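>
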Amino acid sequence: MSGINNLQKLINQSRQSTEKLRHQVAQFRPSNHVEQWYVCQARLNTEKKSSHAKLGVNPLLQQRIQKLFAKLCDKLHIEQCLAIGNELFVKRFLTAAEKITHMDEVRRAQENVRRVKLYMNEKDLLATITKVDEEERRLLYYELTAAINESFEKEKVHAHTIKVFGLVGAILSAFLTYIYQQNRFHILRQEVEKSLTHSVKQVLDNINENKQESWASYIKRSIYSWPYKPS
Numbered sequence: 002m003s004g005i006n007n008l009q010k011l012i013n014q015s016r017q018s019t020e021k022l023r024h025q026v027a028q029f030r031p032s033n034h035v036e037q038w039y040v041c042q043a044r045l046n047t048e049k050k051s052s053h054a055k056l057g058v059n060p061l062l063q064q065r066i067q068k069l070f071a072k073l074c075d076k077l078h079i080e081q082c083l084a085i086g087n088e089l090f091v092k093r094f095l096t097a098a099e100k101i102t103h104m105d106e107v108r109r110a111q112e113n114v115r116r117v118k119l120y121m122n123e124k125d126l127l128a129t130i131t132k133v134d135e136e137e138r139r140l141l142y143y144e145l146t147a148a149i150n151e152s153f154e155k156e157k158v159h160a161h162t163i164k165v166f167g168l169v170g171a172i173l174s175a176f177l178t179y180i181y182q183q184n185r186f187h188i189l190r191q192e193v194e195k196s197l198t199h200s201v202k203q204v205l206d207n208i209n210e211n212k213q214e215s216w217a218s219y220i221k222r223s224i225y226s227w228p229y230k231p232s
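Each residue of the sequence shown is one higher than the last, beginning at 2 in the numbering used here.
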């Protein structure tokens, strides 16, 4: 792994040097204007110098600059090719190293582990949702049962109240009927007693009258009343 890290560092350094050369070449623009750029051969650094000449440039200097520019372009192309080759080499080397060290299998195993964790999390989430649904369903069932029991209790109390009132009404009606019958019996008894008393008085009066009547009047009354008796 340390060798792979060193190769990656070298690739990064080559990329930085390539970008530096690109920047330097991009800044180099030979022209005949007032401001001209000259490339120093040492370390390939650029330096800005102003010239007050308005026309022409020394041909030898121009040829030298063009040759230097061509060399820089060739070197830049070579650096680019080397960078591409280094990248390809590093990729191949990393692929071979992964195959040798079984890092690809490790990566696939890590992906499988992440996938399994994702599936487990999804399963736990579904189990939680199912549990919540069951709890909600159970609470709804309890609420419905409580409502039914409450309604049943209300109906039971209402029926019991009606039954009690009916029983009280029946008792009151029976009591009133009994009082009415007793009163009627009492009135009838009084009337019977009065009639019996009147009859007894009449009988007694008749007996007393019969005792006071003489034999002569009795015979006379019997004789005179005989024709009028029914046959």
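We put the CB at the ideal spot given by N, CA and C, even for glycine.
Since the structure is predicted, the reported quantities are computational estimates derived from the model, not experimental observations.
1) Buried or exposed for residue 49, going by 16 or more other Cβ atoms inside 10 Å?
2) Straight-line CA distance for residue 123 to residue 97?
3) Rounded to the nearest angstrom, what separates residue 37 and residue 66 at their Cα positions?
4) Just checking residue 137 against the ligand GDP - is the residue's beta carbon closer than 8 Å to any of the ligand's heavy atoms?
5) Distance, Cα to Cα, residue 166 vs residue 158?
6) Distance, Cα to Cα, residue 88 vs residue 118?
7) Alpha carbon to alpha carbon, how far is residue 257 from residue 162?
8) Taking 6 Å as the limit between beta carbons, can you name the residues of its chain near residue 208, skipping five residues before and five after?
Straight from the coordinates:
1) Low per-residue confidence applies at residue 49: pLDDT is 44, beneath 50, and the placement is therefore not dependable enough to give any value.
2) Cα-Cα distance, rounded: 36 Å.
3) Confidence at residue 37 is low in this model, with a pLDDT of 42, below 50, so the placement of that residue should be treated as unreliable; the coordinate-derived value is given next. About 12 Å.
4) With respect to the ligand GDP, the structure offers nothing, as it holds no ligand at all.
5) Per the coordinates, the alpha-carbon of residue 166 lies some 12 Å from the alpha-carbon of residue 158.
6) Between residue 88 and residue 118, the C-alpha separation is close to 35 Å.
7) Residue numbering for the chain in the displayed model covers 2 to 232; residue 257 lies beyond these limits and cannot be assessed.
8) Nothing listed; no residue qualifies.
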